[in-house]
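Only one structure is covered here, and it is reproduced in the block below.
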Amino acid sequence: MASTFFGLNIGKTGLYAYQAAIDTTAHNISNAETDGYSRQVMGQKAGKALRMNSTYGMAGTGVTVTGVTQMRDLYYDEKYWSNSSLYGEYAGKAYYMSEIENYFNEVKESGFTTTYNSLFDSLSELQKNPSSSTVRTQVINYAKSLTEFFNSVSSNLKSVQEECNFEIRNQVDQINSISQQLAALTKQINTLEIQGGMANDLRDQRALLIDELSQIANVSVDERKVGASGSGVTSYVVKLDGVTLVDGIETNKLIVSPREDKYSQNDIDGLYDIYWANGQKFDERSPSLGGSLQAVLEVRDGNNQENFSGTVNASAGDDFLIVEDSNINEVETLNIPETGTITVGNRNYTYTGFEVTKDADTGKFTYTFELEEPIAADATDVKASIGESINFKGIPYYQSQLNQFVRTFARLFNDVHRTGVDLEGAAGTDLFNGTNKISGRNYTFGPLAGSDDASYYDYDTFNSQTGGYYEEIPDNQPLYGSYYFVTAENFTVSESFFKNPGLLAASSDIVNGIEDNSIVDKLIALKDNKTAFEQGTPEAFFQTMVAEIGIDSDKAGTIAESQSDILKTITNQRLSISGVDVDEEAMNLIRYQNAYNLSAKVITVMNEIYHKLINEMGV
63 MASTFFGLNI
73 GKTGLYAYQA
83 AIDTTAHNIS
93 NAETDGYSRQ
103 VMGQKAGKAL
113 RMNSTYGMAG
123 TGVTVTGVTQ
133 MRDLYYDEKY
143 WSNSSLYGEY
153 AGKAYYMSEI
163 ENYFNEVKES
173 GFTTTYNSLF
183 DSLSELQKNP
193 SSSTVRTQVI
203 NYAKSLTEFF
213 NSVSSNLKSV
223 QEECNFEIRN
233 QVDQINSISQ
243 QLAALTKQIN
253 TLEIQGGMAN
263 DLRDQRALLI
273 DELSQIANVS
283 VDERKVGASG
293 SGVTSYVVKL
303 DGVTLVDGIE
313 TNKLIVSPRE
323 DKYSQNDIDG
333 LYDIYWANGQ
343 KFDERSPSLG
353 GSLQAVLEVR
363 DGNNQENFSG
373 TVNASAGDDF
383 LIVEDSNINE
393 VETLNIPETG
403 TITVGNRNYT
413 YTGFEVTKDA
423 DTGKFTYTFE
433 LEEPIAADAT
443 DVKASIGESI
453 NFKGIPYYQS
463 QLNQFVRTFA
473 RLFNDVHRTG
483 VDLEGAAGTD
493 LFNGTNKISG
503 RNYTFGPLAG
513 SDDASYYDYD
523 TFNSQTGGYY
533 EEIPDNQPLY
543 GSYYFVTAEN
553 FTVSESFFKN
563 PGLLAASSDI
573 VNGIEDNSIV
583 DKLIALKDNK
593 TAFEQGTPEA
603 FFQTMVAEIG
613 IDSDKAGTIA
623 ESQSDILKTI
633 TNQRLSISGV
643 DVDEEAMNLI
653 RYQNAYNLSA
663 KVITVMNEIY
673 HKLINEMGV
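Mind the numbering: the sequence shown is residues 63 to 681 in the working numbering, read in order.
Pasting the structure below:
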């Protein structure tokens, strides 16, 4: 038989239960606007009944609180993380491609079309008055403006590459910080839950960190119970693109290391490579990496799969490599660094320079790389490459496109200009040039007149170090080189023309008189030369490049916008389960208040009964 005070205890369980329910509701209302907070629900069940030696069998003991449950759905969490990674990738690409697009903005007065047309307009004026020193100076100045446009765009692209490089380090630091916080939270959660509690708020904090991490890279989470059922201990593993980042309270740290060598002639110094703390290379080229990290890596390094590659045949002990059947057989598109690292098979070799020779019959290039250390093993028909093949049009690709334009245009212009004579009757020289970054001198292109080694300095046959050994070449001797040494960054007008505008060649022969403008006619014709580039005229080549940038920028923006809409939908689906509805909570508050009041009423009634029983019976 139950105790006389059994009913009082039943009322007490109701008070405790609905007090807990009110507290939980108040907690929900207080965190209705807290990012990452998941609605909590108090669970309850009927207390364990007592067996009674009576006809009604068993007696209820009131209510028992089973715990406070966090309302989350792992399915929607995983959908969110997956789409967040896609959004992070394309939002990042859209941002940087838009920035690149702005640098090519044709609306500006200093844009390509304006400066390009101004050069040819000034040549038209020179056509009318070839002997005018003023007009000649005007042509030279407009030519300089064109080179400065390319200098500016190249410099801006390098700034974007530097910005991406900084962001890579910043995001690696973020990943490491998040992983440490995840490990710390997991330790706290296990400590609390092993004692039977539920660390709901800590779990929310941990899930919010996963949300943040998913924007940086592809992430997956696996949580499993460890040991006996109900022990409260769980195994919590977070993987970054399939590689373990956090395992319980242990973290796998990422580090960045600046490259010693460049992969492209146009790269800035000190680009970061990413490694795991154990020295293993982080897979920067994984197609599933995703997130903003993939965006900055591809924008920084993307070469549209046009990195240098070819076939090597070499013997162990050789201190040089001969590469044939390469994918680059034009100086205009050659952008490998003067010194760097070449990969043969799966082994890297440092080269200190290279030579290029062109087969007169096939037109193919053969490259000879001088190595810092001998070949380790025989290589027969082994693939060699410089840098990585990256299927994205990033900074290296557009720098290469700029280089191709300035080299081709300079070559076409100079070839015509050298067939003419200046005001003194001397042979025309190179108007468009490059500036040696060490000596500050301009180059002289083409064969070395009167030398048995003429082919050595030809456009397509050169040594990568030719332009570097300026110390051995006196100032009164030309600095011979190839158009390989001309880049959008150092593109310029030969300094001699500013000192003497008369060097501008307008006539094909001095005997034709100073009013002869036959060379100017040929220079003007370059503007409409449809064979200058594969795309047609020089202007068509540039406009095609600008259109590519616009298309890539729009594509990234469109996908980012689409993913943003999908994320909003998934977020609403998550909130339908885990979000706090303040109207619903207000109703719960009233419901639990009424239940609490009724439990209190039970105790009041029981108190009156006990008063009657104890104090008034038998009086």
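For every residue, glycine included, the Cβ atom is placed at its ideal position computed from N, Cα and C.
Per-residue DSSP class, three states only, for residue i
i: ALA111; result: coil
i: ALA516; result: Here ALA516 scores only 42 on pLDDT, less than 50, and its place in the model should not be relied on; the value that follows carries that caveat. Helix.
i: LEU493; result: coil
i: GLY529; result: With a pLDDT of only 48 at GLY529, under the threshold of 50, the placement of this residue in the model should not be trusted, and no figure is reported.
i: LYS287; result: strand
i: PRO436; result: coil
i: GLU346; result: coil
i: GLU670; result: helix
i: ALA511; result: Only weak support is given to the placement of ALA511: the predicted model assigns it a pLDDT of 38, under 50, and the question is left unresolved by the model.
i: PRO192; result: coil
i: GLN81; result: helix
i: THR131; result: strand
i: ILE676; result: helix
i: ALA441; result: strand
i: ASN391; result: coil
i: PHE604; result: helix
i: GLY258; result: coil
i: TYR99; result: coil
i: PHE595; result: strand
i: SER186; result: helix
i: ASN410; result: strand
i: VAL642; result: coil
i: THR523; result: coil
i: ALA609; result: helix
i: ALA376; result: strand
i: SER624; result: helix
i: SER282; result: strand
Among the options, the one whose alpha carbon lies nearest that of residue i
i: ARG268; options: LYS287, ILE256, SER239, VAL288; result: SER239
i: THR177; options: ASN191, ALA153, GLY154, GLU210; result: GLU210
i: GLU392; options: ASP645, ARG473, GLN257; result: ARG473
i: THR373; options: ASP380, ILE384, ASN365; result: ILE384
i: ARG72; options: ILE665, TYR337, TYR672; result: Reading the sequence as shown, one finds Ile at residue 72 and not Arg. Selected option, being the one with the closest Cα: ILE665.
i: LEU23; options: GLU255, THR296, GLN243; result: Because the chain spans 63 through 681 in this model, residue 23 falls outside it and cannot be assessed.
i: ASN498; options: ILE452, PHE475, VAL234, PHE547; result: PHE547
i: GLY69; options: LEU112, SER570, LEU585; result: LEU112
i: GLU610; options: GLY129, THR414, LYS455, THR412; result: LYS455
i: TYR654; options: ASP183, GLN106, SER377; result: GLN106
i: GLY407; options: VAL418, GLY425, THR442, ASN191; result: THR442
i: VAL300; options: ILE317, SER186, VAL281; result: VAL281
i: SER638; options: THR87, TYR78, TYR138, PHE67; result: TYR138
i: TYR459; options: ALA550, PHE182, SER194; result: ALA550
Paired residues, beta bridge with residue i - DSSP
i: SER447; result: SER371, THR405
i: ASN453; result: Bridge partners of ASN453: none, in fact.
i: ILE317; result: TYR337
i: MET743; result: Because the chain is modelled from 63 through 681, residue 743 falls outside the range shown and cannot be assessed.
i: MET120; result: ARG113
i: THR428; result: THR419
i: GLU312; result: ASP309
i: THR554; result: ASN495
i: THR87; result: Partner(s): none; THR87 has no beta bridge.
i: VAL483; result: ALA489, SER569
Host alpha helix (DSSP H) of residue i (start-end)
i: PHE560; result: 557-561
i: PRO458; result: 457-479
i: PHE382; result: Counting along the chain, PHE382 falls outside any alpha helix (DSSP H), though it belongs to the beta strand (DSSP E) covering 382-386.
i: GLN223; result: 195-255
i: SER354; result: 353-363
i: ALA568; result: No alpha helix (DSSP H) holds ALA568; DSSP gives it neither H nor E.
i: LYS584; result: 580-587
Limits of the beta strand (DSSP E) - the one that residue i falls within
i: ILE336; result: 334-338
i: VAL548; result: Segment: none, VAL548 is in no beta strand (DSSP E) and carries neither H nor E.
i: LEU307; result: 305-309
i: SER501; result: Note, SER501: premise wrong, no beta strand (DSSP E); not H, not E.
i: SER160; result: Premise fails: SER160 lies in the alpha helix (DSSP H), 136-165, not in any beta strand (DSSP E).
i: LYS301; result: 296-302
beta-carbon residue i near the ligand GDP non-hydrogen atom, thresh 7 Å
i: THR75; result: For the structure depicted, the ligand GDP is absent and the ligand set is empty, with no information on it obtainable.
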